[in-house]
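Enquirer:
Number of protein chains: 2
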Amino acid sequence: MKREKGLLIVLSGPSGVGKGTVCGALRKEDTDIRYSVSATTRAPREGEAEGVNYFYKSKAEFERMIQDGELLEYAQYVENYYGTPRSYVEDMLAAGHDVILEIEVQGALQVKETFPEGVFIFLMPPSLNELRSRIEERGTETADLIDNRMTVAKEEIDLMDKYDYVVENDEVESAVERIKAIVTAENCKKDRLIHLYKSLVEE
Amino acid sequence: MKREKGLLIVLSGPSGVGKGTVCGALRKEDTDIRYSVSATTRAPREGEAEGVNYFYKSKAEFERMIQDGELLEYAQYVENYYGTPRSYVEDMLAAGHDVILEIEVQGALQVKETFPEGVFIFLMPPSLNELRSRIEERGTETADLIDNRMTVAKEEIDLMDKYDYVVENDEVESAVERIKAIVTAENCKKDRLIHLYKSLVEE
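Taken in sequence, the protein lines are chains U and C.
Note that the UniProt record's numbering numbers the first sequence so that position 66 is 66, with each residue one more than the last.
Note that the UniProt record's numbering numbers the second sequence so that position 19 is 19, with each residue one more than the last.
#1: List, in chain order, every chain U residue whose beta-carbon is nearer than 9 Å to that of C/Met-160.
#2: If we cut at 8 Å on Cβ distances, does C/Asp-91 have a partner in chain U?
#3: Should C/Met-65 be flagged as near chain U, meaning a C-beta pair shorter than 8 Å?
#4: If you reduce the DSSP assignment to three classes, tell me which class C/Ile-121 lands in.
#5: Suppose you measure from the CA of C/Phe-122 to the CA of C/Tyr-165; what does that come to, to the nearest Å?
#6: C/Ala-181 versus chain U: which residues are under 7 Å apart at the beta carbon?
#7: DSSP puts U/Ile-9 in a beta bridge; with which residues?
#8: Excluding the 5 residues preceding and the 5 following C/Met-160 in the sequence, name in chain order all residues of the same chain whose CB lies nearer than 7 Å to its CB.
#9: Please identify, using Cβ separations under 9 Å, the residues of the segment 105 to 123 of chain U that lie next to chain C, in order along the chain.
#10: Closer than 9 Å by beta-carbon distance: list the chain U residues that pair up with C/Arg-178, in chain order.
#11: Which residues in the same chain as C/Ile-66 place their Cβ atom closer than 7 Å to its Cβ, once the five residues preceding and following it in sequence are excluded?
#12: Report the residue ranges of all alpha helix (DSSP H) runs contained in full by the segment 9 to 93 of chain U; include only those spanning at least 4 residues, in chain order.
#13: What is the DSSP secondary structure of C/Glu-130, reduced to helix, strand or coil?
#14: Under a three-way DSSP split, which group does U/Tyr-165 fall into?
#15: Apply the 10 Å Cβ neighbour rule to C/Lys-19 and answer buried if 16 or more other Cβ atoms are within range, or exposed otherwise.
#16: Quick one: give me the first and last residue of the alpha helix (DSSP H) that C/Leu-159 is part of.
#17: Identify each residue in the segment 133 to 150 of chain U for which the Cβ-Cβ distance to at least one residue of chain C is less than 9 Å, and report them in chain order.
#18: How would you write the range of the alpha helix (DSSP H) that U/Thr-140 sits in, first residue to last?
#19: So, using beta-carbon positions, are C/Ile-182 and C/Ile-100 closer together than 8 Å?
#20: For U/Thr-114, count neighbouring C-beta atoms within 10 Å of its own C-beta (all shown protein chains included) and say buried if the count is 16 or more, exposed if not.
#21: Any C-beta of chain U sitting closer than 8 Å to the C-beta of C/Val-152?
#22: Can you give me the Cβ contacts of C/Leu-145 inside the same chain, cut-off strictly under 7 Å, excluding the 5 residues immediately before and after it?
#23: Where does the unbroken alpha helix (DSSP H) through U/Glu-173 begin, and where does it stop?
#24: Expressed to the nearest angstrom, what Euclidean distance is found between the alpha-carbon atoms of C/Leu-109 and U/Leu-11?
#25: Given that C/Val-172 touches chain U, what residues does it touch there, using C-beta distances under 7 Å?
#26: For chain U, check one thing: does any of its Cβ atoms lie closer than 8 Å to the Cβ of C/Val-166?
#27: Determine the closest residue to U/Ile-194 out of C/Glu-137, C/Met-124, C/Thr-84 and C/Ser-38, with distance taken between C-alpha atoms.
#28: Taking all protein chains shown into account, decide if U/Ala-39 is buried (16 or more other Cβ within 10 angstroms of its Cβ) or exposed.
#29: For U/Ser-87 and C/Lys-189, what's the separation of their Cα atoms in angstroms?
#30: To the nearest angstrom, how far is the alpha carbon of U/Glu-48 from that of U/Tyr-56?
#31: Nearest to C/Ala-153 by CA position, among C/Gly-13, C/Lys-5 and C/Glu-4, is which residue?
#32: In or out: C/Arg-45 buried (at least 16 other Cβ within 10 Å) or exposed?
#33: For C/Glu-104, I'd like the list of residues in its chain whose CB is within less than 8 Å of its CB, leaving aside the five on either flank, ordered along the chain.
#34: Please list the terminal residues of the continuous alpha helix (DSSP H) segment that includes U/Glu-113.
#35: Taking C-alpha atoms, which residue in U/Arg-34, U/Ala-25 and U/Ala-175 lies nearest to C/Asn-187?
#36: Against chain C, with Cβ distances strictly below 8 Å, would U/Tyr-54 count as a contact?
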């Protein structure tokens, strides 16, 4: 039995927790999930590619997209814009596909206003010390920026209450398994299925 | 991170849908789930064993257990009693283990009154014709009893609204995978975890 509309799944969490790594590992699995690609004004990191990790935009292009309502959500984060192009997400959901957005916490809360029925997953570091180590290992940030990120991370963890699920990113494989389980379970939610089953009784 | 109290998972659905088969297959999997064994006054079916499928009781013994408050729920169903011994379930939950009850629909709704925080899964046949075939194949029922079961099944499907999840028992393996996913997802629910994580921020 196929429901008419797909699930919107929002994977978020503090910067540095490993959202990109977890989402990348999930994409390698054999699932029917579709992945939204965000737009950003930040520079590509080594190994990242246009249209795969992000659509890389100039500040002027990004602001034009905001003006024209082409973004489902956007946020400015450590001097760069990040946003989700609206049309891909809406088309996939309408076609009955589950779609995952991997986005920053500010953006996730914006999406929640438009899609309260979405499934909001907070990816959590095993500890704040571990989060700091991961940001430091990335080696792309100055000490001041790292301190700033840690302050923001604590504020973001306080926003966990707005989410439906918390997944600890202790090991990437375990986090991926838990996210897949959440998607499977959400597709078994009675509220999403009951109208399909009521007709069975009238056979 | 381990939460203090386990999840109570209630697997129910119309008689004949295959609750016993699905639960049996789930027990063979490597999980941390504990299985409650019900008491019943019905005669053992071929291949069933005392303390594994059920605790088999006389009517008098069962009624003594009801009197003494030793049952979490009980129901009379097609002339037999079925019930869940209370102490095992409460002990396992208190020790932090997830416990599955495989019970009839009437009993599930009783458990919901005592454990509204439980996870209620409705096992659904692919169709009513398929349900009738499964009951007929079992070969333990007269034609009148089968008609009676089908009427009850339709009433039970109308009670699906009281459940949290609906799992279609199209293939036993798929049903088992979905139930495992539901247990994993429920253990990631923010409401069950948030108090454990708030302390992280105060490190």
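Positions of the beta carbon are idealized from the N, C-alpha and C atoms, including for glycine.
Nothing here was measured: the structure is a model prediction, and the numbers come from that model.
Expert: On the basis of the coordinates in this document:
#1: Neighbours of C/Met-160 on chain U, chain order: Lys-190, Leu-193, Ile-194, Tyr-197 and Lys-198.
#2: Closer than 8 Å to the CB of C/Asp-91 there is not a single CB belonging to chain U.
#3: Answer no: the Cβ-Cβ gap between C/Met-65 and chain U never drops below 8 Å.
#4: C/Ile-121 falls in the strand class under three-state DSSP.
#5: Between the C-alpha atoms of C/Phe-122 and C/Tyr-165 there is a straight-line separation of about 6 Å.
#6: For C/Ala-181, the residues of chain U that pass the 7 Å Cβ criterion are Ala-181, Thr-184 and Ala-185, in the order they occur in the chain.
#7: Paired residue(s): U/Ile-100 and U/Val-119.
#8: If we look at C/Met-160 and ignore the five residues flanking it on each side, its Cβ neighbours are Phe-122 and Val-166.
#9: Listed by position, the residues of the segment 105 to 123 of chain U near chain C (Cβ gap below 9 Å) are Phe-120, Ile-121 and Phe-122.
#10: Under a criterion of Cβ atoms nearer than 9 Å, the residues of chain U adjacent to C/Arg-178 are, in order, Thr-184, Ala-185, Asn-187 and Cys-188.
#11: So the list reads Tyr-74, once near-sequence residues are dropped.
#12: Correct list: 19 to 27 and 59 to 67.
#13: Helix at C/Glu-130.
#14: Under the three-state reduction of DSSP output, U/Tyr-165 falls in the strand class.
#15: By the neighbour-count criterion, in which 16 or more other beta carbons inside 10 Å mark a residue as buried, C/Lys-19 falls on the buried side.
#16: Element bounds for C/Leu-159: n/a, residue is neither H nor E.
#17: Cβ contacts with chain C: none found.
#18: U/Thr-140 -> no alpha helix (DSSP H), and no H or E assigned at all.
#19: With contacts defined by Cβ atoms closer than 8 Å, C/Ile-182 and C/Ile-100 do not form a contacting pair.
#20: Around the Cβ of U/Thr-114, a 10 Å sphere holds fewer than 16 other Cβ atoms; the residue is exposed.
#21: No, C/Val-152 does not count as interfacial toward chain U.
#22: Correct list, in chain order: Val-78.
#23: Element bounds for U/Glu-173: 172 to 186.
#24: For C/Leu-109 and U/Leu-11, the distance between alpha carbons rounds to 34 Å.
#25: Per Cβ cutoff of 7 Å: no residues; C/Val-172 is ~16 Å from chain U at best.
#26: The beta-carbon of C/Val-166 is placed less than 8 Å from the nearest beta-carbon of chain U.
#27: When only C-alpha atoms are compared, the closest one is C/Met-124.
#28: Buried.
#29: Rounded to the nearest angstrom, the two C-alpha atoms are 30 Å apart.
#30: Those two C-alpha atoms are separated by around 10 Å.
#31: Ranking C/Gly-13, C/Lys-5 and C/Glu-4 by CA distance to the CA of C/Ala-153 puts C/Gly-13 first.
#32: It counts as exposed.
#33: In chain order, Ser-12, Ser-15, Ala-75, Tyr-77 and Tyr-82 place their CB closer than 8 Å to the CB of C/Glu-104, counting only its own chain and leaving out the 5 sequence neighbours on each side.
#34: Residues 105 to 114.
#35: Put simply, of U/Arg-34, U/Ala-25 and U/Ala-175 the residue whose alpha carbon is nearest the alpha carbon of C/Asn-187 is U/Ala-175.
#36: So, not an interface residue.
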